[in-house]
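Its first residue numbered 0, the sequence shown is counted upward by one per residue in numbering that gives the first Met the number 0. From the three backbone atoms N, C-alpha and C, an ideal C-beta is built for every residue, glycine too. Only one structure is covered here, and it is reproduced in the block below.
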Amino acid sequence: MGGNVPLVPKDAPPLQPGPPPRARPVLDEVDRRIVAELLRDGRTPNVVLARAAGVAESTCLARVRSLRERGIVTGVTAQVDLARLGLPVQAMVAIRFSGHLRADVDAFAEEVTRLAGVIATYNISGGNDFLVHVAAPTPEDLRDFVLDNLTGRPGVVHAETSLVFHVNRGSNILPSG
Numbered sequence: 000m001g002g003n004v005p006l007v008p009k010d011a012p013p014l015q016p017g018p019p020p021r022a023r024p025v026l027d028e029v030d031r032r033i034v035a036e037l038l039r040d041g042r043t044p045n046v047v048l049a050r051a052a053g054v055a056e057s058t059c060l061a062r063v064r065s066l067r068e069r070g071i072v073t074g075v076t077a078q079v080d081l082a083r084l085g086l087p088v089q090a091m092v093a094i095r096f097s098g099h100l101r102a103d104v105d106a107f108a109e110e111v112t113r114l115a116g117v118i119a120t121y122n123i124s125g126g127n128d129f130l131v132h133v134a135a136p137t138p139e140d141l142r143d144f145v146l147d148n149l150t151g152r153p154g155v156v157h158a159e160t161s162l163v164f165h166v167n168r169g170s171n172i173l174p175s176g
């Protein structure tokens with residue numbers, strides 16, 4: 000194949016600039032200590048947070064408020080033992096779409112996330128389009144969930160279920176300062 004082939008046709012409209020890069024939030028050492036404590040236990044009382052961060056309680060309250068206002072701390076959730084709730088079987092279900100119609104992808108994410116037993120959905124890149132983290136009472140219930148709620152959805156052409164044997168949660172997710 001000889002000659003130079005232009006990458007963009009001559010009559011193509013000019014590209015519009017994308018959004019500006021998102022600045023990484025600035026966390027000083029005090030903020031980092033507060034966030035680390037909240038990650039360890041979101042119910043940590045302010046007096047304990049202040050002690051861990053090495054600041055006065057009033058300063059700590061202001062820092063936590065600032066972390067919330069900046070969108071760094073977005074909420075506090077409970078971690079529960081799913082087996083003790085009657086959901087001992089966990090799986091990651093990889094979903095692949097036949098195409099990438101935005102309506103199908105958006106509807107899948109919105110609807111599946113609301114289903115009972117769904118812990119989280121992840122829209123991902125690569126060979127699959129979604130990972131769906133689910134919990135169920137039995138392997139049979141898991142199979143029924145996948146067949147009844149995932150494989151028949153518009154655009155879905157493949158589902159692959161992988162059982163979760165054990166979860167190890169990260170304990171050092173803060174980026175280095």
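Alpha carbons only, please: which of the options is nearest the one belonging to residue i?
i, options, result
"residue 99", "41, 61 and 108", "108"
"residue 141", "88, 153, 40 and 81", "88"
"residue 170", "95, 39 and 60", "39"
"residue 157", "95, 174, 54 and 133", "95"
"residue 97", "77, 155 and 36", "155"
"residue 164", "42, 63, 134 and 111", "134"
"residue 79", "175, 168, 174 and 172", "168"
"residue 148", "34, 110, 172 and 121", "110"
"residue 30", "138, 59, 113 and 105", "59"
"residue 116", "11, 85 and 28", "85"
"residue 132", "145, 44, 153 and 174", "145"
"residue 126", "159, 28 and 151", "159"
"residue 26", "69, 12, 92 and 15", "69"
Is residue i helix, strand or coil by DSSP?
i, result
"residue 137", "coil"
"residue 161", "strand"
"residue 130", "strand"
"residue 102", "helix"
"residue 115", "coil"
Go through its chain and collect everything with a Cβ distance to residue i's Cβ below 6 Å, but skip five positions before and after it.
i, result
"residue 74", "none"
"residue 162", "90"
"residue 66", "72"
If you follow the beta strand (DSSP E) that residue i is in, where does it begin and where does it stop?
i, result
"residue 94", "88-96"
"residue 75", "No beta strand (DSSP E) holds residue 75; DSSP gives it neither H nor E."
Let's see if you can read the secondary structure: which residues bound the alpha helix (DSSP H) around residue i?
i, result
"residue 166", "Taken as a continuous stretch (DSSP letters only), residue 166 belongs to no alpha helix (DSSP H), as it is neither H nor E."
Excluding the 5 residues preceding and the 5 following residue i in the sequence, name in chain order all residues of the same chain whose CB lies nearer than 7 Å to its CB.
i, result
"residue 123", "129 and 130"
"residue 46", "56"
"residue 114", "148"
"residue 173", "31, 34 and 35"
Starting from the N-terminal side, write out each stretch of the beta strand (DSSP E) that is 3 residues or longer and does not extend beyond the region 5-60.
none
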